[in-house]
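In the numbering used here, the protein residues as written are 20 to 226. Glycine is no exception: its CB is placed at the ideal position from the N, C-alpha and C atoms. Encoded as structure tokens, the structure appears first; notes follow it.
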Amino acid sequence: MEDSPDEFFMGVDLTTSPRRVSLTCILSPSGETVFHEPLLDDEIVGLAERYAPACIAVDAPLTLPTSLQGRGYRLCDREVRRMGIRIFPLSLGSMRMLALRGVGLAARLRGLGFEVIETFPSGAQRVLGLWGRGGRKASVLARGLRRLGLKIPRGPSLDMIDAATCAYVALLYRRGLCMVFGDPSEGLLYLPAKSTRVRSFKYGRSF
20 MEDSPDEFFM GVDLTTSPRR VSLTCILSPS GETVFHEPLL DDEIVGLAER YAPACIAVDA
80 PLTLPTSLQG RGYRLCDREV RRMGIRIFPL SLGSMRMLAL RGVGLAARLR GLGFEVIETF
140 PSGAQRVLGL WGRGGRKASV LARGLRRLGL KIPRGPSLDM IDAATCAYVA LLYRRGLCMV
200 FGDPSEGLLY LPAKSTRVRS FKYGRSF
């Protein structure tokens, strides 16, 4: 898949409840980022309709386990864990709430014709080598994303970084630069390909 100079990409750092603000990032073909803080799913859908992104990557489980044998882990979760990336089981109450919201949101967006994928920004940042010695620090991750061509504002929150990382994964997915985990019958999770250490922006269009 090739992205075009006119395509935007959307990342969603989803919360478990519409009573808490989620973070979305719209990534332009020139690497510029615009952040929004929606509460309701309606607001997230409205942003998608406004920007018409080529792909939307969501930081939330977009499927539920198909069997109890995995103890709350889907195949994609188990495969990611084997890479040394910590991911929580959907048997946890908060994770199940997040999954139920993610499933509903993805269904709405796909029903409108949007391509929606699941990602895990913490894992994506690990694969891209963005973590510092102290772990996940927003300032360190922001510098790493800037090296990749994203125009991240000063003093971003960790939620902003995660939303921007999701948007970047959406771009990489469109370029065929993602690893895929899991089985289509249960759910797929996408992370950047391990060799993805390139400046990924080649177009000049901005907002």
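Take glycine 112 as the anchor and find which of Leu94, Pro57, Leu83 has the nearest alpha-carbon.
Of the candidates Leu94, Pro57, Leu83, the one whose C-alpha sits nearest the C-alpha of glycine 112 is Leu83.
Closest by CA to isoleucine 63, which one among Glu205, Cys44, Leu167, Ser158?
When only C-alpha atoms are compared, the closest one is Cys44.
Mind checking who phenylalanine 200 pairs with in its DSSP beta bridge?
Note: phenylalanine 200 sits in a beta bridge opposite Leu208.
Take leucine 160 as the anchor and find which of Glu205, Ala71, Ile180 has the nearest alpha-carbon.
For leucine 160, the nearest C-alpha among the options comes from Ile180.
So for threonine 184, helix, strand or coil by DSSP?
If DSSP states are grouped into helix, strand and coil, threonine 184 belongs with the helices.
Hey, is isoleucine 136 close to the ligand NAP, as in C-beta under 7 Å from one of its heavy atoms?
The ligand NAP is not among the ligands present in this structure, which contains no ligands whatsoever.
Just the Cα atoms here: how many angstroms apart are alanine 76 and arginine 90?
Cα to Cα, the separation comes out at about 25 Å.
In this structure, how does DSSP classify aspartate 78 when only helix, strand and coil are distinguished?
Coil, per DSSP.
What distance in whole Å lies between the Cβ atoms of leucine 81 and glycine 206, which are believed to be in contact at a cut-off of 8 Å?
So it is a contact: roughly 6 Å between Cβ atoms.
With respect to the alpha helix (DSSP H) encompassing leucine 46, which residues constitute its N-terminal and C-terminal limits?
Element bounds for leucine 46: not the alpha helix (DSSP H) but the beta strand (DSSP E), 42 to 46.
Taking C-beta to C-beta, are threonine 85 and proline 140 nearer than 8 Å?
Their beta carbons are not under 8 Å apart, which means threonine 85 does not touch proline 140 by this criterion.
Nearest-angstrom Cα distance between leucine 149 and leucine 164?
About 8 Å.
Mapping the DSSP letters down to three states, classify glycine 65 as helix, strand or coil.
Helix.
For arginine 152 and arginine 193, I'd like the C-alpha separation in whole angstroms.
Approximately 31 Å between the Cα atoms of the pair.
Tell me the DSSP bridge mates of isoleucine 136?
Answer is Ala76.
Suppose you measure from the CA of leucine 42 to the CA of aspartate 60; what does that come to, to the nearest Å?
Cα-Cα distance, rounded: 12 Å.
Quick check: what's the CA-CA separation for serine 36 versus lysine 170?
Computed Cα separation, rounded: 29 Å.
Where do the N-terminal and C-terminal ends of the alpha helix (DSSP H) with glycine 163 fall, by residue?
From DSSP, the alpha helix (DSSP H) with glycine 163 extends over 157 to 166.
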